[in-house]
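Q: Provided herewith is a single structure, encoded as structure tokens, for subsequent inquiry.
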């Protein structure tokens, strides 16, 4: 049966987009080259940074984050009600530390109207007594949160199954059928799959798929390695971030330590040097972690973009094809805003953010926000 929308990629962006399109009463099919709900969507730590308050100073990316925050809270409640799966969403706050020679985020938080407190020794002892900040400057951000990525993806899959979204795992895209600039179908091992509209949400693989259509999409894989330790419950209770690295404690005592950023192509192996570096980072901040058992380690391939902005919108030169890729470290954080924005664009509704900033053919000068 021909669906209204065929989504190519079953990670958090694809599944969330499927939810919003299905809630608009469109028929939806999601296919993936492997298991649904895997790759970088599964591998991440699930950090939900504090959400900016909507105001005229926000950049397009910040506006997308500002809309995504309330939407992910709302979707999480719906996933629990409909699929019966708790994704572990909580907002217990986070601690952000800055090296002595590193600028802090105070001005950014103030502009975004995000509440924060200076991390005094007394406040640190109250919030995280096991944490040793050394000479670093620290701040407590009460609105920082987290969710459990695997649970969130399982809940999305459950919602989709219960709402008649057709799910096709292990169904890779082999090619595209295009006639006069119009996408007619997607070639797969199961035959040609056609739909009214197509949405490419293939993460780090999006660039290669679009290249086969002669379209440039500069998304590349960036490997991130993560370590998982097991501690007593509530040994740590809040997300701790230092630059691009973090410690994320789960309520059951598991502690995630991440993450590297490596240009390693599509190689997902873990390496001794990277894992040792992450453990050293964490044990310097929380010496008590040195005695905790190592449970496992893994890696994922984040979809990076040259300017730090995702690509969201129609694919130039290919009618009926849309793309949402390049979210890098913010896939979970921006998934709801992205899915909702795609729904609006496909249905011709007013957009929650100006979509021009995320268009595939935008000029790209370098990293930005």
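Residue numbers (our numbering): -15 to 353. Backbone N, C-alpha and C fix where the C-beta goes; we use that ideal spot for every residue, glycine too. It should be emphasised that the depicted structure is a prediction, and the values quoted were computed from it without experimental measurement.
#1: By the three-class DSSP mapping on this structure, what secondary structure does residue -2 have?
#2: Find out if the Cβ-Cβ distance for the pair residue 114, residue 219 is shorter than 8 Å.
#3: If you measure between the beta carbons of residue 108 and residue 129, is that distance less than 8 Å?
#4: Pull the bridge partners of residue 232 from the DSSP assignment, please.
#5: How would you write the range of the alpha helix (DSSP H) that residue 16 sits in, first residue to last?
#6: Whose C-beta lies closer than 7 Å to the C-beta of residue 66 among residues of the same chain, with five residues either side of it excluded?
#7: May I have the straight-line CA-CA distance separating residue 227 from residue 36, to the nearest angstrom?
#8: For residue 116, which residues of its own chain have a beta-carbon under 8 Å away from its beta-carbon, when the five flanking residues on both sides are left out?
#9: Of the residues 196, 293, 311 and 86, which one's Cα is nearest the Cα of residue 301?
#10: In its own chain, which residues sit with a C-beta less than 7 Å from the C-beta of residue 95, not counting the 5 before and 5 after it?
#11: What span of residues does the alpha helix (DSSP H) with residue 316 cover, start to end?
#12: Taking all protein chains shown into account, do 16 or more other C-beta atoms lie within 10 angstroms of the C-beta of residue -15, making it buried, or fewer, making it exposed?
#13: Does the Cβ of residue 176 have 16 or more other Cβ atoms within 10 Å, making it buried, or fewer, making it exposed?
#14: Would you mind giving the Cβ-Cβ distance between residue 252 and residue 285, rounded to the nearest angstrom? I have them listed as a contact below 8 Å.
#15: For the candidate residues 149, 69, 33 and 60, whose alpha-carbon lies nearest to that of residue 6?
#16: Compare the Cα-Cα distances from residue 134 to each of 155, 347 and 23 and report the closest residue.
#17: Per DSSP, which one or two residues make a beta bridge with residue 152?
#18: Let me confirm a value: residue 262 is counted as buried when at least 16 other C-beta atoms fall within 10 Å, else exposed. Which label applies?
#19: Report yes if the CB atom of residue 254 is closer than 8 Å to the CB atom of residue 282, and no otherwise.
#20: If I follow the unbroken alpha helix (DSSP H) through residue 265, where does it start and stop?
#21: In or out: residue 205 buried (at least 16 other Cβ within 10 Å) or exposed?
#22: Have a look at the DSSP bridge pairing and note the partners of residue 296.
#23: By DSSP's criteria, residue 275 is part of a beta bridge. Which residues make up the other side?
#24: DSSP three-state call for residue 201: helix, strand or coil?
#25: Rounded C-beta distance between residue 124 and residue 79? I'm assuming under 8 Å.
#26: Where does residue 110 fall in DSSP's three states?
#27: Report yes or no: do the stretch -13 to -4 and the stretch 180 to 200 share at least 3 C-beta pairs separated by less than 8 Å?
#28: Between the stretch 12 to 28 and the stretch 152 to 159, can you find at least three pairs of beta-carbon atoms closer than 8 Å?
#29: Can you give me the C-alpha to C-alpha distance between residue 328 and residue 8, rounded to a whole angstrom?
#30: Per DSSP, which residues does residue 182 bridge with? Please list them.
#31: Kindly give me the distance between the Cβ atoms of residue 237 and residue 214, rounded to whole angstroms, as I take these residues to be in contact under 8 Å.
#32: Would residue 33 be called buried (16 or more neighbouring beta carbons within 10 Å of its own) or exposed?
#33: For residue 102, does the three-state DSSP call read helix, strand or coil?
#34: DSSP on residue 160, reduced to helix/strand/coil?
#35: According to the neighbour-count rule (16 or more other Cβ atoms, all chains shown, within 10 Å of its Cβ), is residue 110 buried or exposed?
#36: Less than 6 Å between C-beta atoms, sequence neighbours within five positions excluded: which residues of the same chain meet that for residue 352?
A: Let me lay it out:
#1: By 1-based counting over the chain shown, the position of residue -2 is 14. Reduced to three states, the DSSP call for residue -2 is helix.
#2: Locating residue 114 in the chain shown gives position 130, where the first residue counts as 1. Locating residue 219 in the chain shown gives position 235, where the first residue counts as 1. Closer than 8 Å, so yes.
#3: Counted from its first residue, the chain shown places residue 108 at position 124. Counted from its first residue, the chain shown places residue 129 at position 145. It is not a contact, given that the beta carbons lie outside the stated cut-off.
#4: Reading the chain shown from its first residue, position 248 is the one you call residue 232. Answer by DSSP bridge pairing, in chain order: 240.
#5: Numbered from 1 along the chain shown, position 32 holds the residue referred to as residue 16. From DSSP, residue 16 is part of no alpha helix (DSSP H); its letter is neither H nor E.
#6: Mapped onto the chain shown, residue 66 falls at position 82. Cβ neighbours of residue 66 beyond the five flanking positions: 143 and 146.
#7: The residue given as residue 227 occupies position 243 in the chain shown. The residue given as residue 36 occupies position 52 in the chain shown. Going by the C-alpha atoms only, they are around 19 Å apart.
#8: For the purposes of this step, residue 116 is taken as residue 132 along the chain shown, with counting starting at 1. 268, 269, 270 and 271.
#9: Taking the chain shown and counting its residues from 1, the one referred to as residue 301 is at position 317. Among 196, 293, 311 and 86, the Cα nearest to that of residue 301 belongs to 196.
#10: Here residue 95 is taken as the residue at index 111 of the chain shown, counted from 1. Around residue 95: 41.
#11: In the chain shown, counting from the first residue as 1, residue 316 sits at position 332. Taken as a continuous stretch (DSSP letters only), the alpha helix (DSSP H) holding residue 316 covers 315 to 331.
#12: In the chain shown, the residue the question calls residue -15 occupies position 1. Exposed is the call here.
#13: To locate residue 176, count along the chain shown from 1; it is residue 192. Exposed, by the Cβ-count rule.
#14: Here residue 252 refers to the residue found at position 268 when the chain shown is read from its first residue. Here residue 285 refers to the residue found at position 301 when the chain shown is read from its first residue. Yes, residue 252 and residue 285 are in contact; Cβ-Cβ is about 6 Å, under 8 Å.
#15: By one-based count along the chain shown, residue 6 stands at place 22. If we check each option's Cα against that of residue 6, 149 comes out closest.
#16: Here residue 134 corresponds to residue number 150 of the chain shown, with the count starting at 1. The option with the nearest alpha carbon to residue 134 is 23.
#17: If you number the chain shown from 1, residue 152 lands on position 168. Note: residue 152 sits in a beta bridge opposite 15.
#18: Walking along the chain shown from the start, residue 262 turns up at place 278. The residue is buried, with at least 16 neighbouring Cβ atoms inside 10 Å.
#19: Locating residue 254 in the chain shown gives position 270, counting from the first residue. Locating residue 282 in the chain shown gives position 298, counting from the first residue. Their beta carbons are under 8 Å apart, which means residue 254 touches residue 282 by this criterion.
#20: Residue 265 sits at position 281 when you count from the first residue of the chain shown. Counting along the chain, the alpha helix (DSSP H) containing residue 265 begins and ends at 256 to 269.
#21: Counting from one through the chain shown, the residue named residue 205 turns up at place 221. Answer is buried; the Cβ neighbour count reaches 16.
#22: In the chain shown, the residue the question calls residue 296 occupies position 312. According to DSSP, which records beta bridges pairwise, residue 296 is partnered with 308.
#23: Position 291 of the chain shown, counted from the start, is the residue given in the question as residue 275. According to DSSP, which records beta bridges pairwise, residue 275 is partnered with nothing at all.
#24: To locate residue 201, count along the chain shown from 1; it is residue 217. Here residue 201 sits in coil by DSSP.
#25: Against the chain shown, residue 124 aligns to sequence position 140. Against the chain shown, residue 79 aligns to sequence position 95. Going by Cβ atoms, the distance from residue 124 to residue 79 rounds to 6 Å, so yes, they are a contact pair.
#26: Here the question's residue 110 lines up with position 126 in the chain shown. The answer is helix: DSSP assigns residue 110 an H, G or I state.
#27: yes
#28: yes
#29: Against the chain shown, residue 328 aligns to sequence position 344. Against the chain shown, residue 8 aligns to sequence position 24. One C-alpha to the other measures close to 10 Å.
#30: For the purposes of this step, residue 182 is taken as the residue at position 198 of the chain shown. Its beta-bridge partners are -10 and 305.
#31: By 1-based counting over the chain shown, the position of residue 237 is 253. By 1-based counting over the chain shown, the position of residue 214 is 230. The Cβ separation is near 6 Å, so the contact holds.
#32: Numbered from its first residue, the chain shown carries residue 33 at position 49. It counts as buried.
#33: Here the question's residue 102 lines up with position 118 in the chain shown. Residue state, collapsed to three classes: strand.
#34: The count along the chain shown starts at 1 and reaches residue 160 at position 176. Strand, per DSSP.
#35: Along the chain shown, one-based indexing puts residue 110 at 126. Under this definition residue 110 is an exposed residue.
#36: Position 368 of the chain shown holds residue 352. Because residue 352 sits at a pLDDT of 46, beneath the cut-off of 50, its placement in the model cannot be relied upon, and the point is left open.
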